[in-house]
Amino acid sequence: MFVEALKRQNPALISAALSLWQQGKIAPDSWVIDVDQILENGKRLIETARLYGIELYLNDQTIRS
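In the numbering used here, the protein residues as written are 4 to 68.
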């Protein structure tokens, strides 16, 4: 399910990860993230929170292993 959504929304990330792995630049069990997309999502969250007067709190447990 996640992979199918990623194929539609960000195929370049899949291609980049595959290329980096094939070149031996990342290990097979590496996490590959789209920092630009994370920043864009964060900006949208902040804008929406401000619109509704909501205070946001960071939870980075989903990124740490």
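Heads up, the beta-carbon is just placed ideally off N, CA and C, and yes, glycines get one too.
request  = Inspect the beta-carbon positions of V35 and A20 and report whether they are closer than 7 angstroms.
outcome  = Yes, the pair counts as a contact, with Cβ atoms nearer than the cut-off.
8 angstroms contact criterion, which D32 and N13 should meet: CB distance rounded = D32 to N13, Cβ: 20 angstroms. No contact.
message = Short of 7 angstroms in beta carbon distance, which residues of its chain neighbour L23, apart from the five on each side in sequence? Order them along the chain.
response = Taken in chain order, the residues that qualify are I29.
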